[in-house]
Amino acid sequence: MRSSRWTPIAGWLAATATSIVLASVALLPVLRTNAPEDRALAQLPASDASEFPVPLPSATTPAPASTTPTPGRGTATRPRPTQTRSTTTTPPRPTTTAPKPPVTNPAPPTTTEDGWTVTTAADGKRTYVRSFRVEGGQAVIRMTSDAVVQLVTATPADGWQVQKVQDTPDNLAVYFNETGHSFIIHATWHNDRPFAQVSEIGS
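According to full-length UniProt numbering, the residues represented by the sequence shown are 1 to 203, in order.
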């Protein structure tokens with residue numbers, strides 16, 4: 001009973017195996033003909049990567065600049081000009097003061113003593129002035145109460161010459177000379193007063 005049950009299965013397996021063997025035998029010529037092509041592909045030289053064309057760069061459209069203002073950098077507001085009123089100040093007028101008149105001291109009083117014009121100063125100092133005229137010329141002599149004798153001027157006449165001789169401050173002699181003729185004016189401070197003497201020598 002068991003052998004009759006497995007008989008159909010064994011027959012199916014045998015038939016299947018037979019068909020597989022037949023199919024393999026039939027495909028052998030086809031597989032052999034494709035082998036040379038595979039060998040030919042294997043014998044082709046490998047292409048260098050540099051021979052392939054470099055792909056063109058894709059054109060990129062630049063992004064539009066952002067117009068959004070940066071925070072903190074807002075539009076600067078211009079300061080409004082401040083109007084300042086210019087006030088013109090008038091400079092003060094210079095005050096002109098009239099010049100004070102010079103103080104004029106009154107002239108000391110003058111007197112005449114023995115032909116001398118006497119002037120007394122505020123400090124009590126007395127000045128004596130006298131003019132002497134002779135044939136040989138004219139001389140003006142001054143003396144002071146502190147015993148100083150001075151020749152103010154001496155003008156000789158035509159043809160005459162003048163000469164001054166003074167050895168000490170209180171003694172003075174003025175000579176008017178021509179050939180063989182002289183006039184001598186001798187002035188000196190003597191006994192607290194002026195003294196003068198005129199002399200002529202020759203003719």
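By construction, the Cβ of each residue, glycine as well, lies at the ideal position given by its N, Cα and C atoms. Source: prediction; values computed, not measured.
Neighbour flag for residue i against chain D, beta carbons, 8 Å
i: residue 192; result: The chain inventory of the structure shown lacks chain D, comprising one protein chain alone.
For residue j and residue i, the rounded distance between their alpha carbons
i: residue 107; j: residue 124; result: 14 Å
i: residue 118; j: residue 150; result: 15 Å
i: residue 182; j: residue 195; result: 20 Å
i: residue 178; j: residue 166; result: 20 Å
i: residue 172; j: residue 95; result: 57 Å
i: residue 80; j: residue 98; result: 54 Å
i: residue 185; j: residue 163; result: 11 Å
i: residue 128; j: residue 200; result: 24 Å
i: residue 104; j: residue 193; result: 30 Å
i: residue 114; j: residue 180; result: 31 Å
i: residue 243; j: residue 160; result: Because the chain is modelled from 1 through 203, residue 243 falls outside the range shown and cannot be assessed.
Beta-carbon spacing of residue i, residue j below 8 Å
i: residue 147; j: residue 116; result: no
i: residue 120; j: residue 102; result: no
i: residue 222; j: residue 139; result: This structure leaves residue 222 out entirely; the chain is present only between 1 and 203.
heavy atom of the ligand GTP below 7 Å from residue i C-beta
i: residue 115; result: For the structure depicted, the ligand GTP is absent and the ligand set is empty, with no information on it obtainable.
Inter-residue CB distance, residue i and residue j (contact presumed, cutoff 8 Å)
i: residue 130; j: residue 141; result: 6 Å
i: residue 198; j: residue 134; result: 6 Å
i: residue 136; j: residue 176; result: 3 Å
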